[in-house]
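Encoded structure:
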């Protein structure tokens, strides 16, 4: 990460300082580039950008398929466009999370300045590593301190049939699974993020798990007695790709070589939605990386995540 930040830092000069018109946060100019909130009329251009890399951009693709527009959402989330010489060169989802699309490190650094100057707050920044670390290089000067920065997360995909046989016991979750699935989801969240999603009462997290079940985006393997052995989620789903998230194995079953067959089942079940299965994983989790490679996943890029 330090190497990436050292590359970005020289770009943060006074000549590139963002200027807002009359204090307005909606647009900022920097040289031949402009950052502004996208609207309905920008939707076709944003789609062109997203389709350049459907796997890296599945988060934004899923949003566009559902919302049908690049305009701000009723909940207040918006998409910032980065225009160079009048053309849409990149974008960034700005809501609870920041998710960049097609931004270089330099463009990310400029966007980070814009976000810092408008006092935006976020719970995480995630996406292609170059853009994420570019944003963070400047955004960090006006943000709360993150509790973790993960600069190297292999982005992997699988096209075609898995390299190992799928376990037929893995299935889509149903409403009847909710009460036993929720503790497994909480355990995964605590292991991955470091705190409990139930700390504030857990109502919203329970609703999220229920929503994933209702959409057919939650998968589970339970023993006949009811215990959850394995679970996974299709966190982002578009017509071109799915992004698998929330993978968790019951600690009692770890180290037995079971994960690959369960993941193969997740891949095959995900074909209901899209032809390509993808995921990103922490580089230090070598056991998970090896399991995914055994299934047939190959690295096609690198993500990074900043967690607040």
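Residue numbers (our numbering): 1 to 308.
Where a beta carbon is used, it is the ideal one built from N, C-alpha and C, also for glycine.
Give me whichever residues DSSP pairs with residue i in a beta bridge.
i: residue 185; result: DSSP lists no partner for residue 185.
i: residue 37; result: 80
i: residue 301; result: 155
i: residue 306; result: 125, 149
What number of angstroms, rounded off, separates the C-alpha of residue i from the C-alpha of residue j?
i: residue 166; j: residue 297; result: 14 Å
i: residue 283; j: residue 219; result: 24 Å
i: residue 56; j: residue 202; result: 30 Å
i: residue 164; j: residue 97; result: 35 Å
i: residue 141; j: residue 132; result: 15 Å
i: residue 154; j: residue 242; result: 16 Å
i: residue 248; j: residue 172; result: 15 Å
i: residue 252; j: residue 35; result: 50 Å
i: residue 259; j: residue 280; result: 16 Å
i: residue 49; j: residue 226; result: 45 Å
i: residue 205; j: residue 213; result: 13 Å
i: residue 310; j: residue 197; result: The requested residue 310 is not part of the displayed model; the chain covers only 1 to 308.
i: residue 63; j: residue 46; result: 11 Å
i: residue 321; j: residue 181; result: Residue 321 falls outside the range modelled here, since the chain spans only 1 to 308, and no answer is possible.
i: residue 266; j: residue 160; result: 13 Å
i: residue 179; j: residue 86; result: 52 Å
Is residue i buried or exposed, if buried means 16 or more other CB atoms sit within 10 Å of its CB?
i: residue 112; result: buried
i: residue 15; result: Because residue 15 sits at a pLDDT of 32, beneath the cut-off of 50, its placement in the model cannot be relied upon, and the point is left open.
i: residue 246; result: buried
i: residue 217; result: buried
i: residue 278; result: buried
i: residue 110; result: buried
i: residue 233; result: buried
i: residue 33; result: buried
i: residue 143; result: buried
i: residue 222; result: buried
i: residue 157; result: buried
i: residue 191; result: exposed
i: residue 152; result: exposed
So residue i packs on residue j, CB below 8 Å; how close in whole Å?
i: residue 308; j: residue 123; result: 5 Å
i: residue 302; j: residue 129; result: 4 Å
i: residue 39; j: residue 66; result: In fact, because the Cβ distance is near 17 Å, the residues do not count as touching under 8 Å.
i: residue 74; j: residue 90; result: In fact, because the Cβ distance is near 25 Å, the residues do not count as touching under 8 Å.
i: residue 194; j: residue 126; result: At roughly 15 Å, the Cβ-Cβ gap does not stay under 8 Å, so residue 194 and residue 126 are not in contact.
i: residue 150; j: residue 305; result: 5 Å
Does chain D have any CB closer than 9 Å to the CB of residue i?
i: residue 180; result: Here there is only one protein chain, and chain D is not present.
Could you tell me which whole alpha helix (DSSP H) segments of length 4 or greater appear in the segment 253-294?
259-270
Sequence ranges, alpha helix (DSSP H) only - wholly within the segment 60-118, length at least 4:
105-117
Write down every uninterrupted run of the beta strand (DSSP E) in the segment 123-206 whose length is 3 residues or greater and which is fully enclosed by it, in chain order.
124-128, 148-159
To test your reading of the DSSP string, which unbroken alpha helix (DSSP H) runs of 4 or more residues are found completely within the segment 214-254?
none
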